[in-house]
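Q: Going by our numbering, the sequence shown opens with residue 2, and the numbers climb by one from there.
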Amino acid sequence: MIELVGVSKAFTQGRTPVPALREVSLSVDQGEFYVLLGASGCGKTTTLRIVAGLERPDSGSVRIDGRQVFGRSPDVWVGPEERPQAMVFQSYALWPHMTIRQNIAFPLRRGVRRPSGPEAAARVEEALGLFRLTEQADRKVTQLSGGQQQRVALARALALHPRVLLMDEPLSNLDARLRMDLRLELKELARRKGITCLLVTHDQEEAMMLADRVGIVHDGAIVQEGTPAELYGAPKSEFVATFLDHMNLIRSAEVTSCDASSGPEVTARGVRLRLGPGDHPLGGELTLGIRPGDIVVLDADDESPSAPNLLSGRLVDHHYLGGQYLYRFETPLGRLNVRSAVTPQRFAQGTVRLRLPAQKLISMAAGGTP
Ligand SMILES: Nc1ncnc2c1ncn2[C@@H]1O[C@H](COP(=O)(O)OP(=O)(O)OP(=O)(O)O)[C@@H](O)[C@H]1O
Ligand SMILES: [Mg+2]
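1. With distances taken from each beta carbon to the nearest heavy atom of ligand 2, which residues come in below 7 Å, in chain order?
2. Is G294 near ligand 1, with its Cβ less than 8 Å from a heavy atom?
3. Per DSSP, M365 is paired with what?
4. Within 10 angstroms of the Cβ of D1, are there 16 or more other Cβ atoms? Answer buried if so, exposed if not.
5. To the nearest angstrom, how far is the alpha carbon of S258 from that of P265?
6. With C-beta atoms as the reference, is N338 less than 9 Å away from L327?
7. Ends of the alpha helix (DSSP H) at F348?
8. For my contact list, P229 and A212 are in at a C-beta cut-off of 8 Å; report their separation, rounded to the angstrom.
9. DSSP on G264, reduced to helix/strand/coil?
10. So if DSSP puts N249 in a beta bridge, which residue, or which two residues, is it bridged to?
11. Would you mind giving the Cβ-Cβ distance between V19 and V63, rounded to the nearest angstrom? I have them listed as a contact below 8 Å.
12. For K188 and A160, what's the separation of their Cα atoms in angstroms?
13. Cβ of S41 versus every heavy atom of ligand 1: is any distance shorter than 8 Å?
14. Check this for me: beta carbons of P81 and F71, under 9 Å apart or not?
15. For P371, count neighbouring C-beta atoms within 10 Å of its own C-beta (all shown protein chains included) and say buried if the count is 16 or more, exposed if not.
16. Helix, strand or coil, according to DSSP, for I3 in the structure here?
17. R340 by DSSP, collapsed to three states: which one?
18. Can you tell me whether F34 sits near ligand 1, meaning its C-beta is under 8 Å from at least one heavy atom of the ligand?
19. Does the beta-carbon distance from A94 to A53 come in below 9 Å?
20. If the criterion is Cβ atoms closer than 9 Å, does the pair M2 and R102 meet it?
21. Kindly identify the DSSP beta-bridge partner or partners of K141.
22. Please name the residue, chosen from E207, A156, R140, that lies closest to A106 on a Cα-to-Cα basis.
23. Kindly list the residues whose CB is nearer than 6 Å to the CB of G290, restricted to its own chain and excluding five residues on each side of it in sequence; keep chain order.
24. Let me check one thing: in DSSP terms, what residues is Q225 bridge-paired to?
25. Could you give the distance in angstroms between the alpha-carbon of A359 and the alpha-carbon of G277?
26. Quick check on the DSSP output: the alpha helix (DSSP H) that includes Q205 runs from which residue to which?
27. How big is the Cα-Cα spacing for K141 and L131?
28. Alpha carbon to alpha carbon, how far is H162 from V201? Give it in angstroms, no decimals.
29. With a threshold of 9 Å between beta-carbons, can S117 be considered close to chain B, or not?
Okay, structure coming up:
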């Protein structure tokens, strides 16, 4: 439905071209919800603007709905008005002299695909209700908060029932409760109407909840792509692992055994760690990751200290998270974050035993670059 192949784009700052996108390739299937996730300045808005036809790439090819809309040799260019999308802009782009209702209704009265009068009116009311705007519908948009304006921009785009919906951080200005509600409704509505969605965000929780597939963007390139579960369970690099979660990292782990029966084993800072099944060359160096919720806190003295995957930890501090605690322990592997429902009273003596289950240790290529 949306296909980018090898798309590059540089902006000139002064006289020097600064690359914003480097050979980006991605494809979003019909009806799929695809999320681009990345830090500020990594190229998310530029990618969306290229799909919308608001920015011209330097090279590569863009297809939407089977039709090439940008290409080189031969040069192909289809303008934004001829592309089948609606877009929610990061800056909202509302008409300041209009009310909420007029803003939503305006695009429905224009263009070749405009619905009949009663159908348009029904869509406006549906969008107002969905985004909790019915009561304020006749207020001027200049009198609205940022979060209210953001909802108007979303309502306006969805009321068009577009085949393709491009959304640039569409929920970033909402309070936590409303954001959660609208994520669920946005996903449900997109699915019900069969809308192909491309959304960009820097919020990993949002990406996880909304996406059928996520592309992680770093410095103008997609560094890993997959379903939320694939990315969460098997990040290929430290960058992806730490971007998605506050993963504990254990660097410079050397593969010291690859016995087929007991599984591969590494040694890091003198600690032996058994890993889950996997092929790792003997002597190779890995970075390991383990999530704070996957480390098990044991009662003292219930296993021998030299057994693999066990280590002692000295409590540094703890923070209440609501229902559970975040503990920080100083261990032979460095400082580890542990999330657990166990209450701090258990650690009155200050030292504990920690177990890093082999199946929960994620191995990835060493090094900080993606
Ligand atoms: N019109 C422009 N002229 C010059 N440089 C630009 C222009 N638009 C974007 N850039 C640069 O391109 C890079 C990518 O910008 P982009 O807006 O795509 O980032 P983003 O991922 O959307 O960031 P954010 O999360 O902050 O919105 C940035 O370094 C930015 O400074
Ligand atoms: Mg942006």
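Ideal placement from N, C-alpha and C gives every residue a C-beta, glycine not left out.
A: For this structure:
1. Matched residues: K45, T46, Q91, D169, E170, V201.
2. Because no heavy atom of ligand 1 lies under 8 Å away, the Cβ of G294 does not count as near it: no.
3. Looking at the DSSP output, M365 sits in a beta bridge with T288.
4. No answer is possible for residue 1: it lies beyond the span of the chain, which begins at 2 and ends at 371.
5. One alpha carbon belongs to S258, the other to P265, and they sit about 6 Å apart.
6. Against a cut-off of 9 Å, the Cβ pair of L327 and N338 comes out as a contact.
7. Under the DSSP assignment, F348 falls outside any alpha helix (DSSP H); it carries neither an H nor an E label.
8. Indeed they touch by this definition, with Cβ atoms about 6 Å apart.
9. Here G264 sits in coil by DSSP.
10. N249 pairs with I291.
11. V19 to V63, Cβ: 21 Å. No contact.
12. Within the model, the alpha-carbon separation for K188 versus A160 is close to 15 Å.
13. Look at S41: its beta carbon is less than 8 Å from one of the heavy atoms in ligand 1.
14. For P81 and F71, no; Cβs fall outside 9 Å.
15. With a pLDDT of 46 at P371, under the threshold of 50, the predicted position of this residue should be treated as unreliable, though the coordinate-derived value follows. When all chains shown are included, P371 counts as buried.
16. Three-state DSSP puts I3 in a strand.
17. Here R340 sits in strand by DSSP.
18. The answer is no for F34.
19. No.
20. No.
21. DSSP output for K141 lists T100 as bridge partner(s).
22. It is A156 whose Cα lies nearest to the Cα of A106.
23. In the same chain as G290, and ignoring 5 residues on each side of it, the C-beta atoms closer than 6 Å to its own belong to A242, M248, L250, I363, in chain order.
24. I217, per the DSSP bridge assignment.
25. Cα to Cα, the separation comes out at about 5 Å.
26. It spans 205-211 - the alpha helix (DSSP H) in which Q205 sits, taken as one unbroken run.
27. Cα to Cα, K141 sits roughly 19 Å from L131.
28. V201 and H162: Cα-Cα distance of roughly 19 Å.
29. The structure shown has no chain B; it contains just one protein chain.
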